[in-house]
Amino acid sequence: MTEDRGAAGPYIEYDGLPVLHGSEVKLPLIHPYAPVEAGRYVTPGGGRLTIRKAEKNAHLRITLDHLGCPAQCTPEKDAAFRRLALAAEGYCVQAGCRHLAAFGGGVLRSFEIRTGSIPLAAFVRAALAVELGDERPVDRLVQDAEAVAGPMRPANARGEEGQEEAG
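At position 7 of the sequence shown the residue is numbered -11 (this note's numbering), and the sequence of numbers has no breaks.
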């Protein structure tokens, strides 16, 4: 079945997942326990995951988009993805990088992880787990990052600790 979404379309249903653009239907489906390498994938939660090296190779840039899938854009999932970005930022702070956590919320999320800090497979598994409603892998990465770099900044914009995240 094809669903026309205007200039960006056509979009096509794919194996019970939210609709994909016609150019994306041949992307491989990433499995949470398969080897992870640079490339572009369809995730079990219906997102598109892109992994690539950043310009200076000190970081990996990961984008996860959920266009056409509003179930992945809840405040709870945004908060979990933000905590995941902040866990990666902890390693950057410890290494002397001076950038804020690379995180874009909503349907397009972007992350940067320092090469050699968090294993890529662990980071991707945590992101895929959040898609499927499990925040435990994120919690483990946060604990590991805090053990190395100290407490993280407040994790979400909902103000669980009575304050908004500094941006």
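No residue lacks a Cβ here, since even glycine has one placed at the ideal position from N, Cα and C.
R43 sits close to A36, with the two beta carbons spaced by under 8 angstroms.
Judged by DSSP secondary structure, G21 falls within the beta strand (DSSP E) whose first and last residues are 21 to 24. Fewer than three Cβ pairs drawn from the region 67 to 80 and the region 13 to 27 lie within less than 8 angstroms of each other, which leaves the two stretches out of contact.
In this structure, DSSP gives E37 a state outside helix and strand, which the three-state scheme calls coil.
Burial is judged here by how many other beta carbons sit within 10 angstroms of a residue's own beta carbon; K59 has at least 16 and is buried. With 16 or more neighbouring CB atoms inside 10 Å of its own CB, G28 falls in the buried class. From the listed residues D121, G132, I12, L90, the smallest Cα separation to C55 is found for L90.
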